[in-house]
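Numbering (my numbering), first residue to last: 1 to 254. For glycine and all other residues, C-beta sits at the position ideal for the given N, C-alpha and C. The structure displayed is predicted, hence computed values, not measured ones. Notes follow the structure.
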């Protein structure tokens with residue numbers, strides 16, 4: 001009986017101890033909450049405002065602003081074209097750049113500026129611009145002009161790649177085959193160049209320049225019979241060309 005009383009008293013003491021600790025903890029929590037509320041009310045009294053987090057979107061241009069910019073760009077393009085016709089290269093370049101400051105994504109202006117660089121011997125700038133343009137517009141002329149920019153910088157492997165892309169998109173135009181054939185010869189890819197030049201000369205049959213390239217290509221490949229045949233084609237077009245006659249004479253002795 002005594003043992004039961006002692007056990008009951010210990011249990012009651014433990015329960016009271018835990019209850020007292022829980023009471024203290026709750027009081028501490030309530031005190032913390034009250035302090036937060038007090039600080040919040042104090043901030044409101046001082047005029048502080050709660051700022052909600054929100055996503056800030058870039059303001060879109062109004063249709064009126066876009067129309068004005070478009071009109072400015074068109075005016076600058078006309079002036080640039082006029083300056084180019086008058087061979088005022090620096091003025092034309094300046095006007096194109098000015099148009100791009102108004103509309104940076106005006107791809108027609110970028111193409112105009114890239115062609116300006118290509119035709120004025122600044123192939124490195126033309127290369128950079130055409131590579132940028134091709135990320136947004138897959139146009140045959142861009143691939144072809146990029147190939148020319150590479151070719152003039154003696155980057156013949158890259159020129160072959162660019163001209164191949166142009167030919168893939170425009171296989172019916174003989175000039176595409178001719179350009180790729182020239183680049184292949186420059187890169188010493190004679191086996192690739194021969195059929196390309198042969199295809200081009202079928203359509204451009206009176207182009208003695210291409211025929212000369214084709215004949216030289218056959219000589220590099222050791223195809224003397226085809227080279228002789230090609231020189232005979234040239235001889236029919238230009239019967240008084242002594243160089244061609246000499247070539248035919250030397251090949252006849254082989």
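DSSP three-state assignment for residue i, whether helix, strand or coil
{"i": "residue 105", "result": "coil"}
{"i": "residue 198", "result": "helix"}
{"i": "residue 219", "result": "helix"}
{"i": "residue 236", "result": "helix"}
{"i": "residue 136", "result": "coil"}
{"i": "residue 80", "result": "helix"}
{"i": "residue 161", "result": "helix"}
{"i": "residue 146", "result": "helix"}
{"i": "residue 75", "result": "helix"}
{"i": "residue 226", "result": "helix"}
{"i": "residue 153", "result": "coil"}
{"i": "residue 187", "result": "coil"}
Residue environment, residue i, which counts as buried when at least 16 other CB atoms sit within 10 Å
{"i": "residue 70", "result": "exposed"}
{"i": "residue 165", "result": "buried"}
{"i": "residue 157", "result": "exposed"}
{"i": "residue 181", "result": "buried"}
{"i": "residue 234", "result": "buried"}
Same chain, Cβ closer than 7 Å to residue i, neighbours up to 5 away in sequence not counted
{"i": "residue 185", "result": "193, 213, 217"}
{"i": "residue 73", "result": "99, 102, 103, 106, 109"}
{"i": "residue 183", "result": "147, 151, 156, 159, 160, 163"}
Alpha helix (DSSP H) segment containing residue i, residue limits
{"i": "residue 173", "result": "Per DSSP, residue 173 belongs to no alpha helix (DSSP H) and is neither H nor E."}
{"i": "residue 255", "result": "Only positions 1 to 254 of the chain appear in this structure, which leaves residue 255 out of reach."}
{"i": "residue 121", "result": "No alpha helix (DSSP H) contains residue 121, which DSSP labels as neither H nor E."}
{"i": "residue 245", "result": "242-252"}
C-beta atoms of residue i and residue j nearer than 8 Å
{"i": "residue 131", "j": "residue 148", "result": "no"}
{"i": "residue 200", "j": "residue 174", "result": "yes"}
{"i": "residue 126", "j": "residue 111", "result": "no"}
Sequence-distant residues of its chain with Cβ nearer than 6 Å to residue i (five each side left out)
{"i": "residue 105", "result": "none"}
{"i": "residue 142", "result": "130, 133, 134"}
Contacts around residue i, its chain only, beta-carbon distance under 8 Å, and the 5 residues preceding and following it disregarded
{"i": "residue 92", "result": "80, 81, 83, 84, 116"}
{"i": "residue 189", "result": "160"}
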